[in-house]
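Written below as structure tokens is the structure these notes are about.
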Amino acid sequence: MIAKVFKQYSYVSITVSALLLCLISYNYSNLTATWLSFQTKSLNFLLILAILIITIRAIGRVFKFARIGARSNYYMLMYPLIVLSFPVESLDLRLLLCPALFFSGWSFFREYVEKRNTITSNRSMILLFDSILLISISSILFIEHLFLLLFLLIGLAFSKKSINSKELGVFIIIPILLFFTTYTIFLVFDVDALFFSSILSLKKLSFSNQFNLSFIYYNPALLYVFFLFMCSLLLLFRKKSSYDIQTLDYDGLFYFGTLLSVIAFVNPLSGIELHYLSLPLTYYTHHLFLWKKSLSFANFIFISLIISVLLFTFVLN
Numbered sequence: 001m002i003a004k005v006f007k008q009y010s011y012v013s014i015t016v017s018a019l020l021l022c023l024i025s026y027n028y029s030n031l032t033a034t035w036l037s038f039q040t041k042s043l044n045f046l047l048i049l050a051i052l053i054i055t056i057r058a059i060g061r062v063f064k065f066a067r068i069g070a071r072s073n074y075y076m077l078m079y080p081l082i083v084l085s086f087p088v089e090s091l092d093l094r095l096l097l098c099p100a101l102f103f104s105g106w107s108f109f110r111e112y113v114e115k116r117n118t119i120t121s122n123r124s125m126i127l128l129f130d131s132i133l134l135i136s137i138s139s140i141l142f143i144e145h146l147f148l149l150l151f152l153l154i155g156l157a158f159s160k161k162s163i164n165s166k167e168l169g170v171f172i173i174i175p176i177l178l179f180f181t182t183y184t185i186f187l188v189f190d191v192d193a194l195f196f197s198s199i200l201s202l203k204k205l206s207f208s209n210q211f212n213l214s215f216i217y218y219n220p221a222l223l224y225v226f227f228l229f230m231c232s233l234l235l236l237f238r239k240k241s242s243y244d245i246q247t248l249d250y251d252g253l254f255y256f257g258t259l260l261s262v263i264a265f266v267n268p269l270s271g272i273e274l275h276y277l278s279l280p281l282t283y284y285t286h287h288l289f290l291w292k293k294s295l296s297f298a299n300f301i302f303i304s305l306i307i308s309v310l311l312f313t314f315v316l317n
């Protein structure tokens, strides 16, 4: 029943997905917020909901240009359930907004790689421009986000069509122009203190010298999500797809491994950092549905995930 509802777009699937995003937004709006927040919880709720909608739309674009989006819209349920499994204890809106911007940029980048051989050079460069611009905007919040452009460069470097000088120029010019222009404007209006921060400077976030993944196995709902993720990886390497799609899939795994390693050194963990992993967890777990294309199997995955989230996040928490 659940899988059938989310097999295609419908009023029911959109409503259920929206309600789950509202539940997440409500939970987050009741947490202690840092950096930027409104006095009224309703405005915080709407801001968080808008960021989550941007994120899920970006995930939908990634599915579309990975050539699996037309088969089902399971991500509309998978993404909220995965996010609900995150043990979030405090809220920094930057750690919610930055992944949304990066995922949006990644979705445009996947479209660029998919279409750059079939559309005009100018139109394809616009897609690359949008991708780099979105990720560069996230670097206004955290300077370290400039390093995320390396994942795009890796994807282009190992793609079927090698990177050219025009593409390389866009990677260099856009971040520099955006960075110095916005810094000058924010300096004039005396709001530069809110931006151009470093993740290392966050008051409630520090790094230890010990690699620690206890946040996974101490949270059964999240542990089950990672179990599904690991099972899907076994199927990913057997999937037959184009060279560029496989390259981007492996690039995405490299991103996941890198970010998970960084998060493992964070102590204490607020949980909101896990949003950086929400796209790869949703995307790669979806490969389970491609392996077994039966509604019964999809229903089993969804029901077991729903039970684990309800039981370990709401009932026993």
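Heads up: the sequence shown is residues 1 to 317, going by the numbering used here. No residue lacks a Cβ here, since even glycine has one placed at the ideal position from N, Cα and C.
- Boundaries of the alpha helix (DSSP H) harbouring residue 157: 149-157, taken from the DSSP string.
- Residue 174 is not a Cβ neighbour of residue 124, given a cutoff of 8 Å.
- Assignment of residue 208 by DSSP, reduced to helix, strand and coil, places it in the coil class.
- Under the three-state reduction of DSSP output, residue 33 falls in the strand class.
- Take residue 101, set aside five residues on each side of it, and the residues of its chain with a beta-carbon closer than 6 Å to its own are 134, 137 and 138, in chain order.
- Residue pairing by DSSP places residue 197 opposite 142 in a beta bridge.
- The Cβ-Cβ distance between residue 280 and residue 255 falls below 8 Å.
- Minimum Cα-Cα distance from residue 240 among the listed residues 25, 265, 66 and 315 corresponds to 66.
- Under the criterion of beta carbons closer than 8 Å, residue 78 and residue 313 do not qualify as touching, at roughly 15 Å.
- A contact between stretches requires three or more CB pairs, one per stretch, nearer than 8 Å, and the region 231-240 meets this requirement with the region 284-291.
- The continuous alpha helix (DSSP H) containing residue 113 extends over residues 94-115.
- In the three-state scheme derived from DSSP, where H, G and I count as helix and E and B as strand, residue 259 is classed as helix.
- The beta carbons of residue 90 and residue 127 sit about 36 Å from each other, so the pair does not count as a contact at 8 Å.
- According to DSSP, residue 91 shares a beta bridge with 33.
- Judged by beta-carbon spacing, residue 159 lies beyond the 8 Å limit of residue 92, meaning their Cβ atoms are not closer than that value.
- The DSSP-derived three-state label of residue 218 is coil.
- Under the DSSP assignment, residue 72 falls outside any alpha helix (DSSP H); it carries neither an H nor an E label.
- Short of 7 Å from the beta carbon of residue 49, and not among the five residues preceding or following it, lie these beta carbons of its own chain, in chain order: 21, 22 and 25.
- Residues 100 and 104 of the same chain have their beta carbon placed closer than 7 Å to that of residue 54, with the five preceding and five following residues left out of the count.
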